[in-house]
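Reviewing the structure listed below.
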Amino acid sequence: MTHHRVAGVSIPRLDAADKVTGRAQYAIDLTLPGTLHGVCVRSPLPHGRIRSIDKSAAAEAKGVVCIITGEDLAAMPLFPRFGMVPDRPILAIERVRFTGEPVALVVAETRAAARDAAAKVAVDYEDLPPVMTLEDALASGAVLVHEEDLTSEGPSGMGPDGKSNVLYRTEHVWGDAERALKTATVVVEDTFEYPMLYGYAMEPYNAMARFDGQGLTVWTSTHTPYMNRRELARIFSLPLSKVRVVVPYVGGNYGTKGLAKVDPLAALGSWVTGRPVKVVLSIDESMQTARGDSARIFARTGFRADGTMTARIFEILVPAGAYADVSPLVMAKMGVRCLGPYRVPNVRVRTQAVYTNTVPGAALRGFGGPQAVFAGESLMNWGAEELGIPPADIRRVNMANRGEVFHQGLRGLDSDLQADLTILQEELEEQWRVDEAEQDRRRKRGRGFAVSATNVGDETPVSTALVRIHADGTCSLLTGAVEVGQGSRTVLAQILAEEFGIPYDQVSIIQSDTGVGTYERYTAASSTTTLQGLAIQRAVQNARLRIRDLAADAWGLDADDVKKADGGVIVKDQFHDFGEVIKEWFGTEAGEVVGFGAVRGPGDLQEAPVFWEVGNVGVIVSIDSDTLQVRVDSIVTVGDCGFAINPRLVEGQELGAALGGIGGALFEELLYEGGEMINGTLIDYRVPRITDFPTAARCLLPNRQDGVGPYGARGSGEGAIQPVGAAVSAAIAHAAGVRITKLPVTPERLWRALRQAK
Amino acid sequence: MDETMEEIPINTTVNGRSVTALVEARRMLTEFLREDLGLTGVKVSCEVQVCGACTVLLDGMPVSGCSTLAAEAHERTITTIEGLSRGEELHPIQDAFVQSSALQCGYCTPGMVLTVKALLEQNPQPTENEIRHFLEGNICRCGTYGFVMEAIRSLSEAPDGSESVLG
């Protein structure tokens, strides 16, 4: 293993001091002189036609500057919709498609004045029959959520076609699955349901926008500033050079803040009033803005007597909500991730996402993985049970080896999952023994595990980095990557310091301002360390070549006579730091040198996915005999991220992701009754608290340096959420002898399952 | 309907400094601290007293600023996260959080640190159960609870010798 200075070291987070002192600024904290505040009037109906809007009483309210409706918007020279599939109007135009959809924007001097006035806007609706469920959406003659055909406006194949509620479909077929199932010794099947979840980033959605002589600037909480920039540019017909998106620290993300959410509202307010406008949603409103996709998955798998699979069939249905957001992509990922990291000779997977009159489904940590892996891994466990084979063994005989292509058309598996499984098994067994000694007799215990391999990112990864060497030899990185809590500021600083060979306290990282940092497609898909990390390495190489050329020029040498060194160059056996080279060339202690690096799909990271993010999670649960409440007492995760540049941060990501999975497995679920979300507040929607964190939590990091990123790293952040649903279900099955097909496993559901089993 | 909202004069001490102000009757403590005094370290999240992000100390006791009227600060002392450090010098709890990397996005951190301060002042050697019970009102959606408990452990010792969380 190469010796590293700082890569591989758990240095304390570089943003920690800001965050523990309250100095850290989030978009919600920012303000400008003269800022106005926007508050939305929202639809009380899941589906309706807007007959009229009476602004008169509201317009007279104290402090109100203007009230904008969808009708006003439609008359403006603006592109009124946004989204990857541009189906979502900034304000509802003629129709409302989910309860909570913004119908008007009230802009006033204070947020309180805007709120007071918003309550006075009178909207007259005509009810339309709501499409609330998969059945409603897919029924023949179903009411259409979108009546227009927008398929030509978004990525190919996605969007409403005006004929049905289908938003997108994919299919993966190889071999002949139906026939291969007939030759199986054991076939297991069922329909699995994964709940609709709320990400609950603790900083609610917010944005502040300002138009001025240079164009539009938006300060917001997002992890995709460059994508938001493009959407805003389209809305206002501006060139990219005149749109700037600035992102300070982000108070929670988990994928939920991808693409524009409230940016267009704030920008619209500023465009109309000519003043800065800030829109800050409450958490209740945030729950009416975006949520995680639920899924209904029919799954079937055939096994031979030795446990090897003959075939897998999946039919995946996703009720995606009123607007597409990235649900088509989430659905498509489910179609790959359900299969697992296994050799499956015959496959038929079909996915379908449909529009419904519910809050739009958007990205959420795991991006389709938790849903799909719950189904796929549960069947692996059932197959093992019916064949009388240990669950670990049934994985081993099917599991792809490192380097092996296991999904047609996609990159081979880049992790040694077989070795990870060994570590997971040993650790889980050890935890079981320890836990046994402490058991409470009123609780039934069980253990279970699951594994996953998930294809990260899209087919066109793009990441660029700009590095600067200052006149004193210290360095900066200008990056489009966002610090959302995952620790990018710290890890990227470690990479920068490592590459230049200077101490990490001599570098600075300037992040997520599209007017300053260079293009970063997204901070998502667990890919920042890999993509931006590679871009940084290339940028540093580029900068070093320039330094070399400057040194050669300044000292009258051949380029070959300038040798690379940590923090500088060696010329005629003498070390000169970067600052000296710059001083020598510029003639004084002034000037600087930059380097640019880029990473892209074509010809570079051409094979998709960039890497497989893997997950290995084992849990021990205990069930209260009286209340049937399930608790995860112990969790083990093997974080196979290739190489942990900052091990402590990887542990934090692994355990944090796993806890998120526990929420979905045991108690998180958004519920609709009739047209209404009935638990759309934090009082009614339960998220994991410190009391839910397992008593024992172990994270192992194999560090085999087999990743495609710097120093053999790949990525982390979502791997540990994928297997949790199936792992918890397996543990419950071990404890109570019931099979789980629907999450979350509330006490009531467990009670019903136990009764049914009798 | 343009009623003039009643305004209430308050004299309060915030982070050791005396503050005199006139606040609307309905103004919440978070709004007063963040907007009137510029203390944006006080975070706002659920606004229904459930998440703990807006925790400030009112006469040393953790309260939800979102559900406390600004007027209630009259003749009382308030400590926000900004009141803990002295210039660049961190309070030991803040330092423990930094050393343990007991945070990720950091949005829950001010509230969490203040609640830990109140805990350790009441109970310098809390057991794991006592820690979990006291912090149950502080949500960390990033799931950094394990490292938070490590940070607390580094500042105290459990009298029952219970094992470290990250065994």
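If you read the sequences in order, they're chains X and L.
Residue numbering for the first sequence follows the working numbering, beginning at 50 and increasing consecutively.
Residue numbering for the second sequence follows the working numbering, beginning at 25 and increasing consecutively.
C-beta: ideal position from N, C-alpha, C; glycine also.
Item: Under 9 Å by beta carbon: chain L residues contacting X/Y298; Value: C129, G130 and Y131
Item: is_contact[X/G701, chain L] using C-beta, thresh 8 Å; Value: yes
Item: Residues near X/I559 by beta carbon distance below 8 Å, same chain, minus five either side; Value: S525, L526, L527, T528, V565 and G566
Item: 9 Å Cβ cut-off: residues of chain L touching X/T730; Value: C70, V72 and V74
Item: Proximal residues to X/S537 (C-beta, below 6 Å), its chain only, five neighbours per side dropped; Value: A530 and T577
Item: Reduced DSSP category for L/A182 - H, G, I as helix; E, B as strand; rest coil; Value: Its pLDDT being 47, under 50, L/A182 is placed unreliably by the model, and the measurement read from it follows with that caveat. The answer is coil: DSSP assigns L/A182 none of H, G, I, E or B.
Item: For X/A226, the nearest candidate out of X/L388, X/G758 and X/D554 (CA to CA); Value: X/L388
Item: Exposed unless 16 or more other CB atoms sit within 10 angstroms - verdict on X/A639; Value: exposed
Item: Cβ-Cβ separation, X/V403 to X/A339 (assumed contact under 8 Å), whole Å; Value: 17 Å between Cβ atoms; not a contact.
Item: Integer Cβ distance of X/S464 from X/P772, believed to fall under 8 Å; Value: Not quite, the Cβ-Cβ distance comes to about 14 Å (not below 8 Å), so this is no contact.
Item: CB contact check: X/T70 to chain L, cutoff 8 Å; Value: yes
Item: Boundaries of the beta strand (DSSP E) in which X/A348 is found, first to last residue; Value: A344 to F352
Item: For X/T148, the three-state DSSP class (helix, strand or coil); Value: coil
Item: Residues near L/N35 by beta carbon distance below 8 Å, same chain, minus five either side; Value: S42, V43, T44, H98 and E99
Item: Within 8 Å, strictly: CB atoms of X/I544 and X/I694; Value: yes
Item: Which of helix, strand or coil DSSP assigns to L/S188; Value: Caution is warranted here: a pLDDT of 36 is assigned to L/S188, below 50, making its placement in the model unreliable, and the coordinate value is therefore given only provisionally. Three-state result, L/S188: coil.
Item: Buried or exposed by the 16-neighbour rule on C-beta atoms within 10 Å, applied to X/T232; Value: exposed
Item: Sub-8 Å separation of X/S765 and X/S575 beta-carbons; Value: yes
Item: Own chain, CB closer than 6 Å to X/L81, minus 5 neighbours either side, in chain order; Value: P325
Item: Closest residue to X/V757 among X/M125, X/V398 and X/L580 (Cα-Cα distance); Value: X/L580
Item: Straight-line Cα distance separating L/E174 from L/E152; Value: 10 Å
Item: L/S125 and X/G701 closer than 8 Å at C-beta; Value: yes
Item: Under 8 Å by beta carbon: chain L residues contacting X/R62; Value: V122, S125 and L127
Item: L/P33 (DSSP reduced to helix, strand or coil); Value: strand
Item: Chain-order list of residues whose beta-carbon lies under 7 Å from that of X/L473 (same chain, five-residue window excluded); Value: F498, N665, G667, V685 and V687
Item: Integer Cβ distance of X/R72 from X/E150, believed to fall under 8 Å; Value: Not really, about 37 Å apart at Cβ, beyond 8 Å.
Item: Own chain partners of X/E196 with C-beta closer than 7 Å, once the 5 adjacent residues on each side are dropped; Value: G211
Item: X/E703 to X/E767 span [Cα, whole Å]; Value: 7 Å
Item: Among X/M276, X/N277, X/Q488 and X/G323, the one whose alpha carbon lies nearest that of X/G262; Value: X/G323
Item: Bridge partners - L/L82, DSSP secondary structure assignment; Value: L/M85 and L/I102
Item: DSSP-derived helix/strand/coil call for X/T513; Value: strand
Item: Within 8 Å, strictly: CB atoms of X/A647 and X/A584; Value: yes
Item: Start-to-end residues for the alpha helix (DSSP H) that takes in X/S335; Value: I332 to M336
Item: For X/K2, the three-state DSSP class (helix, strand or coil); Value: A question about residue 2 of chain X goes unanswered here, because the residues of chain X that appear run from 50 up to 807.
Item: Three-state secondary structure (DSSP) of X/R735; Value: coil
Item: Nearest-angstrom Cα separation, counted from X/D239 out to X/G710; Value: 21 Å
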